[in-house]
Every structure is written in structure tokens, then in C-alpha cells.
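Report on the structure given below.
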Amino acid sequence: MTKSTMKKFITVAFAAGMSLGLLFTSISFVHSQQADSKDAVLYFTISQAKMISSNVKCALTFEDQKDANEVLDSLKNQCYIAYAGIYDCNGRLFTAYHRDDLTQQDFTLLPPPTVKIKYADGYLIISEPVILDKEFLGTICLWAQL
Numbered sequence: 014m015t016k017s018t019m020k021k022f023i024t025v026a027f028a029a030g031m032s033l034g035l036l037f038t039s040i041s042f043v044h045s046q047q048a049d050s051k052d053a054v055l056y057f058t059i060s061q062a063k064m065i066s067s068n069v070k071c072a073l074t075f076e077d078q079k080d081a082n083e084v085l086d087s088l089k090n091q092c093y094i095a096y097a098g099i100y101d102c103n104g105r106l107f108t109a110y111h112r113d114d115l116t117q118q119d120f121t122l123l124p125p126p127t128v129k130i131k132y133a134d135g136y137l138i139i140s141e142p143v144i145l146d147k148e149f150l151g152t153i154c155l156w157a158q159l
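Take any residue in the sequence shown, count from 1 to its spot, add 13: that is its number in the numbering used here.
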């Protein structure tokens, strides 16, 4: 093997090694960003559920669906929230919101989950109780699209 052939071989081997290193680093970075993105959606959705829970106490106490709908209408600016349901203390759907590009039939309307955080069918489902003076009034259930 001549000196120039050996030099070309080493250059190609080095370039291939660097390319593989760059590929694995990129894959690792993308995976890390996806995990961070899911965590951000999780924490933001939990805070949204807590805020809504705080704001619908009167609506559930006085069975005022109009007031509850106004609270849920605030979700229109949250593009990742696909569906929100407010359930009364008996687990019946009190009122609901769904994103304009979806219909309510796109969601399995079951009583709110007993699990606070659940992943299903590409959605993060957050459940938050509505409590006023230690009295359970109902549950907020948010479906965030991942």
C-alpha cells in the first residue's frame, strides 16, 4: 500500500468515525429535547388544571354551566389542550371544551380518571380535584396532545 493510499484510507476512516459520532450526538440531542418537551407539557398542564380547579369552584357549587364554560373558553389560547371536562362530585360530565379542529366524539368520555396523571393514545391526561372548604365538588380533566 502506498503512502497516499494509506493517507486516503485514514482520512475516510476518520471522516466516517466523525460522521457516526455526529449522528449519535444528534439522535441523543433530539431524544433529550423530546423528553424535555413532554416534561414542559406535563408541568404546564398540571398548572392549568390547578388554575381551572380554583376558578370553577363557584360554578360547581351553584351549578352554573355558563360560568364554567367561560373558564374553559380560556383554553382556546392553549393549542396543545385538546379536551377539557369538568365533572361533578358524582362523576357526571358537567361541561366540556374541545379544540375547534376536534369533536367531542374524538374523546372517550369516561368518568374522570382516579389516576392524576395518565398517558393514552398520544395524550397526556391530567385529573385535578375541585375542593372548597374540604368538600369535594368535582374533578377537572385535561387532555393535552403530545
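Glycine included, C-beta positions come from ideal geometry on N, C-alpha and C.
Per DSSP, V143 lies in no alpha helix (DSSP H); the unbroken beta strand (DSSP E) holding it starts and ends at Y136 to L145. Beta-carbon to beta-carbon, I144 and A62 are separated by about 13 Å, too far to satisfy the 8 Å threshold. In the structure shown, the three-state DSSP call for C92 is coil.
For the 8 Å CB-CB criterion, L33 and L137 do not form a contact. Counting along the chain, the unbroken beta strand (DSSP E) around K131 starts and ends at I130 to A133. Selection L73, D113 and D77 evaluated against K89 yields D113 as nearest (Cα-Cα).
In this structure, the alpha-carbon of Y132 lies about 14 Å from that of Y93. Secondary structure note for C71: its alpha helix (DSSP H) is the uninterrupted segment K70 to T74. About 16 Å separates the beta carbons of L159 and A97, which is beyond the 8 Å limit, so they are not a contact pair. N103 places its beta carbon 8 Å or farther from that of V84. Annotated as distal: S87 and E141, with beta-carbon spacing of 8 Å or more. A direct Cα-to-Cα measurement between I23 and A157 gives close to 51 Å. Taking the Cα positions, V25 is about 10 Å away from M19. K70 and N82 have their alpha carbons spaced roughly 13 Å apart. Within the DSSP secondary-structure output, T152 pairs in a beta bridge with Y100 and P142.
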